[in-house]
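If you're matching positions, the sequence shown starts at 227 in the numbering used here and goes up one per residue. The C-beta atom is built at its ideal place from N, Cα and C for all residues, glycine as well.
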Amino acid sequence: MAHAQAAEGSTALNQFDPAPAGDRFFGVPSPYTRGHLEPRVIALFDYAHNPLVVKDATGSRAVVSSQGFLHVGLSFSLWNRLLVSAHMPIALAQAGDDPTVGGVHFPSPTGQQAGDLRIGGRVRLTGGARQPLQIGVGTSFYIPTSPDDTYTGEAFRLAPELIAGGHIWRLVWSANIRPMLRASTSPISLDYGVALAYLTEEDRLQIGLEYIGSTPLQDGVATLPGGVTLLRGRVSNAELHASARVRIASGLWAGLAAGPGFTDAIGTPAFRATAMIGWFGEPLEDRRRDRLRNRDRNRRRDRDPNREQWRNRTR
């Protein structure tokens, strides 16, 4: 049910919250933190189709028919255990039908607008980078840097988080759960995600699936631009993405992800597509391992009898 008020309003419509730069997956964070004084950076673009649709007797009207966000993220690891991160979303393209439904006008977004800055910290409690079980805890703090009366941000938010994951054979997995505490009229929610991926030899290609969701824990309303309020209800947000990432060069990764939304909850799109490129570096232990691997490969090659016979024939 929608109501019009005289006040302005804002809501963070985009339900896709990227993992910190350097993590294994697009939208599900990882529990591990490796390296000391290791910087990582990511640029990610996500497009959502029909993330906000209202219905009446004549059919569906798209209040927001599309949103395209550029996400820029930075992270910094310390002591092989602590990760500090920052993430800034910017809406580059937005559109909608500007509909009037039941006598209530829903203003649609246009143009470019900043989102809310996210500052986060995470600690790895247990588990090494390639062990089957890793556990970490973290907290994300959302600062309202978006303009008023937009679909790109809202009031202060806080999200303490529990994360688990691991590396088994050539499979990596991760799962998280967190309450999203809000200072706005939107209800407190329980956010969660789970991801699984297959790694090729030497971790050059990663192919997987990611599920992200959010369930309201209380009744509340979403206050939209123009002072329009929508009952949030208890319908969960739910999306499933197929993803692929490839290591282009040492420390340089690129990837794609795409998939449908499964509910008509506010912010769940009919379809979402994501592309990323990032510099994640290589922790010192990985560089040492690669040097040892190359040294052993060279030694085996030098001891190869066929190679020695070839050398003798060419003399």
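Check                                                                                                                           : Outcome
CA-to-CA distance, residue 431 to residue 424, given in whole angstroms                                                         : 8 angstroms
Which of helix, strand or coil DSSP assigns to residue 277                                                                      : strand
Boundaries of the beta strand (DSSP E) in which residue 355 is found, first to last residue                                     : Note, residue 355: premise wrong, no beta strand (DSSP E); not H, not E.
Under the three-state DSSP convention, the category residue 282 falls into                                                      : strand
Contact belief for residue 416 with residue 405 at Cβ below 8 angstroms, rounded distance in angstroms                          : 6 angstroms
Those runs of the alpha helix (DSSP H) which lie wholly inside the stretch 452–499 and span at least 4 residues                 : none
Pairwise C-alpha distance: residue 273 and residue 370                                                                          : 22 angstroms
contact_flag[the stretch 301–311, the stretch 273–289] where n(CB pairs < 8 angstroms) is 3 or more                             : no
Identified DSSP bridge partners for residue 393                                                                                 : 398
Distance, residue 448 Cα to residue 233 Cα                                                                                      : Only weak support is given to the placement of residue 233: the predicted model assigns it a pLDDT of 39, under 50, and the question is left unresolved by the model.
Same chain only: Cβ atoms within 8 angstroms of residue 364, ignoring 5 sequence neighbours per side                            : 255, 309, 346, 347, 348, 349, 386, 387 and 389
Continuous beta strand (DSSP E) stretch holding residue 417: start and end                                                      : 415–425
Residue 428 - DSSP class collapsed to helix/strand/coil                                                                         : helix
Beta-carbon proximity of residue 436 to residue 248, cut-off 8 angstroms                                                        : no
Euclidean distance between Cα positions of residue 297 and residue 341                                                          : 9 angstroms
Boundaries (first-last residue) of the beta strand (DSSP E) holding residue 311                                                 : 308–321
For residue 342, the residue or residues it bridges with in DSSP                                                                : Answer is none; residue 342 lacks a bridge partner.
Helix, strand or coil at residue 264 according to DSSP, with G and I counted as helix                                           : strand
Bridge partner(s) assigned by DSSP for residue 302                                                                              : 265 and 310
Cβ pair residue 246, residue 301 closer than 8 angstroms                                                                        : yes
When 306, 269 and 281 are compared against residue 295, the one with the closest alpha-carbon                                   : 269
Per DSSP, cross-strand counterpart(s) of residue 290                                                                            : 278
Which of helix, strand or coil DSSP assigns to residue 230                                                                      : Bear in mind that the predicted position of residue 230 carries a pLDDT of just 38, short of 50, making it too unreliable to give a figure here.
Backbone CA spacing between residue 305 and residue 462 [nearest angstrom]                                                      : 38 angstroms
Separation of residue 505 from residue 264, as counted between CA atoms                                                         : 11 angstroms
Under the three-state DSSP convention, the category residue 508 falls into                                                      : coil
Close-in-space but distant-in-sequence residues of the same chain around residue 473 (CB under 8 angstroms, 5 per side omitted) : 429, 430, 431 and 479
Residue 376 versus residue 277 - alpha carbon distance                                                                          : 14 angstroms
Length of the line joining the Cα atoms of residue 280 and residue 327                                                          : 8 angstroms
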